[in-house]
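Visitor: The number in the working numbering is simply the position in the sequence shown, starting from 1, with 104 added.
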Amino acid sequence: MPDEADRVEVTASPTDVTTATDVTPGWGGSAGGLGVVGPPLLASRLSPAALPEPVLVRPRLLDRLDRGVAGPVTLVLAPAGWGKTTLLAGWARAVRGEPPPAWVTVEAGDTGERLWAYLAAALRAAADGVPGEGPQPPVPDGPPRPDQLELLAAALAARERPVLLVLDDLHRVTDPAALAGLEFLLRHTEGRLRVVAGARTDPPLALHRWRLAGELTEIGPAELAFTPDEVADLLVAHGVPLPAAAVPRLAERTGGWPAGLRFAALALRAQADPARAVDRFTGDQPDVAGYLRDEVLAPLDPAARDVLRRSAVAAAVCADLADAVTGRPDAGQVLADLAREGGFVQRDGSSPPWYRCQPLLADLLRDELDRLPADELGELHRRAAGWYAGHDRPAEALRHALAGGEWDTATELLIARWPELAPYERDRPAVPAPPEPPAEAVRRDPELALAGAAERAYAGDAEAAAGQLRRAVEHARDLPAPRRDRFRRLAVAVELTLARLAGDHDEVRRAAGRLLATGAPDGPVDDPRAGAAEDADVRAVAGTALGLVALAEGELPEAAARFAEALAAARRAGRPRTELVCASRSALLDAAHGALRAAERHAREALALPSCQGWSSRLDCGYAYLALALVAWDRDEPAEAAAHLTLAGPATAEPGAAALAALCRAGLLAAGGEPAAALRALVTARETAPGPELGAWLAADEAQLRAAVGDVESARAVLVDAGAGATDAATAADPSHTTGAGSVGPEPGRAGNGRAALDVALARVRLRSGDPREAGRALPDWTGPDAAAWPLSVRLSAGLLDAVLTGAGGDGRRAGRILEQVLDLAEPEGCRRVFTRAEPGVRDLLAAHLDSGTAHWPTVSDLVRGADERRADEPPERPAGPERILDEPLTERELTILRYLQSILSNVEIASELSLSVNTVKTHVRNIYRKLDATRRREAVRRARELRLI
105 MPDEADRVEV TASPTDVTTA TDVTPGWGGS AGGLGVVGPP LLASRLSPAA
155 LPEPVLVRPR LLDRLDRGVA GPVTLVLAPA GWGKTTLLAG WARAVRGEPP
205 PAWVTVEAGD TGERLWAYLA AALRAAADGV PGEGPQPPVP DGPPRPDQLE
255 LLAAALAARE RPVLLVLDDL HRVTDPAALA GLEFLLRHTE GRLRVVAGAR
305 TDPPLALHRW RLAGELTEIG PAELAFTPDE VADLLVAHGV PLPAAAVPRL
355 AERTGGWPAG LRFAALALRA QADPARAVDR FTGDQPDVAG YLRDEVLAPL
405 DPAARDVLRR SAVAAAVCAD LADAVTGRPD AGQVLADLAR EGGFVQRDGS
455 SPPWYRCQPL LADLLRDELD RLPADELGEL HRRAAGWYAG HDRPAEALRH
505 ALAGGEWDTA TELLIARWPE LAPYERDRPA VPAPPEPPAE AVRRDPELAL
555 AGAAERAYAG DAEAAAGQLR RAVEHARDLP APRRDRFRRL AVAVELTLAR
605 LAGDHDEVRR AAGRLLATGA PDGPVDDPRA GAAEDADVRA VAGTALGLVA
655 LAEGELPEAA ARFAEALAAA RRAGRPRTEL VCASRSALLD AAHGALRAAE
705 RHAREALALP SCQGWSSRLD CGYAYLALAL VAWDRDEPAE AAAHLTLAGP
755 ATAEPGAAAL AALCRAGLLA AGGEPAAALR ALVTARETAP GPELGAWLAA
805 DEAQLRAAVG DVESARAVLV DAGAGATDAA TAADPSHTTG AGSVGPEPGR
855 AGNGRAALDV ALARVRLRSG DPREAGRALP DWTGPDAAAW PLSVRLSAGL
905 LDAVLTGAGG DGRRAGRILE QVLDLAEPEG CRRVFTRAEP GVRDLLAAHL
955 DSGTAHWPTV SDLVRGADER RADEPPERPA GPERILDEPL TERELTILRY
1005 LQSILSNVEI ASELSLSVNT VKTHVRNIYR KLDATRRREA VRRARELRLI
């Protein structure tokens, strides 16, 4: 850092402070051991850099370093401005214990002899004065000989405590020989030397050896990037009053880049309206641009910088697109090399991969791009338009055609590809508006202005799109009849898009109706302007819009029907973008209803479409991943469900998908021993869930979870408030009303509003409270004709509960018949969660069913074996609310650590298992001892077992 570089304090080199009587022959001086005095060493290079004010502590990264130094090498690898030095300096200052970490800042031009002089001083300082470690290790002042290295390695290996060495800016060492001695020590000191290095690029060390052995900890830009919570903390530290809603926008705007965030904090602090200023903070601002040019772009090879600048014509590029735009056959390889370093060029996980620049760097590159001559810039846009048009990306092709002045191409794209120009992504990144077509071109071809309207609508600029639409309509009055009819269809399609952007559901329905009503005029076959769009296109676009409205309103059956029709039409018309939207939503709705095989098929078909590559269509891909998460959860595959749920993030911003994601997330949390977090997820989702059906599903799960943790009264209250218990009312009015298989059942249509899920939940709650008779009264008829419309999980739960109640009533044979019916329903879809997460008596019911005979013997056998394995792994069941015996209940985290205290693991090993710092574990252990009135581990475990906490 500049303030550190300007310090003039120096420390004597080792030979300056060593007297002749202290020198061991061959060790006291330079390579020859003659005690030759070298140049002085800067103290600023031997101590951690000063931390920038205000200091922001990032515990998750400090904990990561704490865990990393358990191994020989920890590498913090990222480009400029990612906070490497700040993180290492903060950690080095925070490390407690003896000896403190040694520190060396590497400078450009350091020779092997000069670098070793600093290493020698740092190692001596780290080893000096540590009680009980004996004499200092024999550290040579210059590059050591092999025999000297062996003596030093042996001395370090004999130490009780390891020596921590921090090497900052290690990328400045370009000669592998300069680090040969250090590498030897790392291999032969039996873990007593541990190096933590910060670098912009891979240092000249044999990292592959430690990586292969699992002994290398790597922290890269993805971890160094600020999370939204850390962004909020940084802004508070800088005194910037940014509203909470704007914090994620700033995090996304900067890509979490630490230096960019500090620039942003300084800029926003001077703004009267920081929230509005967030959207104006760009990478072409002087301070940010200067840093990026000097620290990021200047070190690049001129060819690599040119590839970056020319590729910035597109928001993201793959190798083929980069080659096409830049005219360089090696452009893809250049991007791959830059992405390997991470930070400023990112790649997605598709094959072939797509690349994009960090947002602020992309701003700067586009600014440089705009300074190219107009004809050169136009040519880049024309190349991009041609590539996109040939790869089923008509929206991007249209934007570049307009930006490149290719008016005929833009018009033809609108006419031929209009169904693919409807936007379905939320919060698309802002792109510069292309220039408006000249008036003469619009007079000659009104569809050109309509193309401009479609492009602006796709970009989310509704105001500009409406203006272009009016301009097109004004010039279309004198069009001949066939062409006028086709123009009307295209104009209505744009109106439909504008209604969707405005969130006006009624207008969406009206516009969809007008689109469906447009005719298919006849015209000359060789005139594409007079040709009729296929009816499948109209049905695909209108059906998709209506399906999206139904889903947003929580009308799941209507949404499923709309998407199914639109999906078939999109496939007939060959519209992959529309197909992706419909397939991904159909997959989710299939999964919610329990059609797991269809859901999995639709989801995987959606993810295989080209539109899912290169950060495009992230929302639609999120729906597909959410569908796969629900499928995995219903099949009792929690690890797969959690992985898919993580990838579903973009979709969970929409209310309908958010409700279904909450059901899956709450189940995973409850299964993982976090019922409080599961309840919070369900309660939060209920507040925004659209439609009565989703709300009923959430209420049913919330009530069952409350009952499972012993809070039966609040479980009943949740269900009553949600409208459960209509079966009871029917029974009271008609005593002949029965429940279970063969009962009269609920009124027609009740499944559509989720009442069946509520009644099944009520029955389970009553059974948990010890009242099987009342449970039977609440149980709806799961075999009647209306039950076919229920979600499969609800129907299976009702059938399984019916079997349990029947078996408990003494009719084992009938219980077996009911269980076989349930298995008949579950087996085709592979649904298992209802069995594995059901009432305790289900395991015995399944085991008895094996003896009596079943057509599903392998499945039942596997379920029984799995239940036995889980029972063997679980501690004795804890009664509801045991913490109440304590004056102060244990937290969920303390209960987790308490279970580890039964083992022989040390606090350090427990911390490693739970990914916590040792200090955090020690704090929890002290709290456990205090709450259990214990003074040591064995006593705490004994007391916990007495209370049945474990």
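No residue lacks a Cβ here, since even glycine has one placed at the ideal position from N, Cα and C.
Predicted model, so just to flag it, every value in this text is computed and none were measured.
Where S873 and L949 are concerned, what is the direct C-alpha to C-alpha distance, given to the nearest angstrom?
Guide: Cα to Cα, S873 sits roughly 20 Å from L949.
Visitor: Looking at the strands, I want to know which residues DSSP matches up with D728.
Guide: Note on identity: in this sequence residue 728 is Ala, with Asp being the wrong assignment. The partner list for A728 (beta bridge, DSSP) is empty, contrary to what the question assumes.
Visitor: Report, in whole angstroms, the separation of the C-beta atoms of W207 and P247, which I expect to be a contact under 8 Å.
Guide: Their Cβ separation, rounded to whole angstroms, is 20 Å, which puts W207 and P247 out of contact at 8 Å.
Visitor: If you count every other CB in all the chains shown that lies within 10 Å of the CB of H485, and 16 or more means buried, which is it?
Guide: H485 comes out buried.
Visitor: Count the other CB atoms within 10 Å of the CB of L316; is the residue buried (16 or more) or exposed (fewer)?
Guide: It is exposed - the Cβ of L316 has fewer than 16 other Cβ atoms within 10 Å.
Visitor: Can you tell which of E669, R291 and G858 has the C-alpha that lies nearest to the C-alpha of G799?
Guide: Of E669, R291 and G858, the residue nearest in Cα terms is G858.
Visitor: Exposed or buried, what is R298 when buried is set at 16 or more other beta-carbons lying within 10 Å of its beta-carbon?
Guide: Looking at its Cβ environment, which holds 16 or more other Cβ atoms inside 10 Å, R298 is buried.
Visitor: Out of R451, A379, E599 and A733, point me to the one whose CA is closest to A762's CA.
Guide: The shortest Cα separation from A762 among R451, A379, E599 and A733 belongs to A733.
Visitor: With a CB to CB cut of under 8 Å and the five nearest residues on each side skipped, what residues in its chain are close to D337?
Guide: Here the set comprises L160.
Visitor: According to DSSP, simplified to helix, strand and coil, what is V299?
Guide: DSSP places V299 in strand when its eight states are reduced to three.
Visitor: Please name the residue, chosen from W186, A381, E319 and L155, that lies closest to G172 on a Cα-to-Cα basis.
Guide: When only C-alpha atoms are compared, the closest one is E319.
Visitor: Using only CA atoms, which one of A420, R432, A891 and P584 lies nearest to A443?
Guide: Minimum Cα distance to A443 is reached at A420.
Visitor: According to DSSP, is T835 helix, strand or coil?
Guide: Note that T835 scores a pLDDT of 46, beneath 50, so its modelled location is shaky; the value from the coordinates is reported in the next line. In the structure shown, T835 sits in a helix (DSSP, three-state: H, G or I).
Visitor: Below 8 Å, how does it come out for the stretch 373 to 392 and the stretch 401 to 409: are there three or more Cβ pairs, yes or no?
Guide: With the cut-off at 8 Å, the stretch 373 to 392 and the stretch 401 to 409 do not touch.
Visitor: Taking the beta carbon of L1009 as the centre, do at least 16 other beta carbons fall within 10 Å, making it buried, or is it exposed?
Guide: Classification for L1009: exposed.
Visitor: Is it true that the stretch 606 to 620 meets the stretch 569 to 578, where meeting means three or more beta-carbon pairs spaced less than 8 Å apart?
Guide: Judged by Cβ distances under 8 Å, the stretch 606 to 620 makes no contact with the stretch 569 to 578, as fewer than three pairs qualify.
Visitor: Identify whether A793 lies in helix, strand or coil by the three-state DSSP scheme.
Guide: Note: A793 maps to coil in three-state DSSP.
Visitor: According to the neighbour-count rule (16 or more other Cβ atoms, all chains shown, within 10 Å of its Cβ), is R67 buried or exposed?
Guide: Since the first residue of the chain shown is 105 and the last is 1054, residue 67 is not available in this structure.
Visitor: Is the distance from the Cβ of A951 to the Cβ of V968 below 8 Å?
Guide: Contact: yes.
Visitor: Who are the near neighbours of H495 in its chain, counting only those whose CB is closer than 6 Å to its CB and skipping five residues on each side?
Guide: For H495, where only same-chain residues beyond five positions count, there are no Cβ hits under 6 Å.
Visitor: Whose CA, out of W522, S720 and V822, lies closest to the CA of R679?
Guide: Per the Cα distances, W522.
Visitor: Using the C-alpha atoms, what's the distance from L309 back to F288?
Guide: Rounded to whole angstroms, F288 to L309 spans 10 Å at the Cα level.
Visitor: Going by beta carbon distance, what residues of the same chain come within less than 6 Å of A1038, once the five residues before and after it are set aside?
Guide: Cβ neighbours of A1038 beyond the five flanking positions: A1044 and R1047.
Visitor: Here's the rule I'm using: 16 or more other beta-carbon atoms within 10 Å means buried, otherwise exposed. How should R296 be labelled?
Guide: The residue is buried, with at least 16 neighbouring Cβ atoms inside 10 Å.
Visitor: Within the continuous beta strand (DSSP E) that includes L165, where are the two ends?
Guide: Premise fails: L165 lies in the alpha helix (DSSP H), P163 to G172, not in any beta strand (DSSP E).
Visitor: In the DSSP assignment, find the alpha helix (DSSP H) that holds Q437 and state where it starts and stops.
Guide: Taken as a continuous stretch (DSSP letters only), the alpha helix (DSSP H) holding Q437 covers A435 to E445.
Visitor: Taking its Cβ as the centre, do 16 or more other Cβ atoms sit within 10 Å of L370, making it buried, or is it exposed?
Guide: Result: exposed.
Visitor: Please state whether DSSP places E1043 in a helix, a strand or coil.
Guide: Residue state, collapsed to three classes: helix.
Visitor: Only counting the same chain, and skipping five residues up and downstream in sequence, which positions put a Cβ closer than 7 Å to that of L1036?
Guide: Contacts found: A1044, R1047 and A1048.
Visitor: With DSSP as the reference, please indicate the residues paired to A206 in a beta bridge.
Guide: DSSP output for A206 lists L269 as bridge partner(s).
Visitor: Quick check on the DSSP output: the beta strand (DSSP E) that includes L179 runs from which residue to which?
Guide: Counting along the chain, the beta strand (DSSP E) containing L179 begins and ends at V177 to L181.
Visitor: Do you know offhand how far A774's Cα is from A348's?
Guide: Rounded to whole angstroms, A774 to A348 spans 29 Å at the Cα level.
Visitor: Which residues in the same chain have their Cβ closer than 7 Å to the Cβ of P456, if we skip the five residues on either side of it in sequence?
Guide: The answer, listed in chain order, is C422 and A423.
Visitor: DSSP three-state label for E157, please.
Guide: Here E157 sits in coil by DSSP.
Visitor: Near T1060, what residues of its chain come up, given a Cβ to Cβ distance below 7 Å and the 5 sequence neighbours on each side ignored?
Guide: Any property of residue 1060 remains undetermined from this structure, which presents the chain solely from 105 to 1054.
Visitor: Y1004 to P794, Cα distance in whole Å?
Guide: So the alpha carbons of these two residues sit roughly 42 Å apart.
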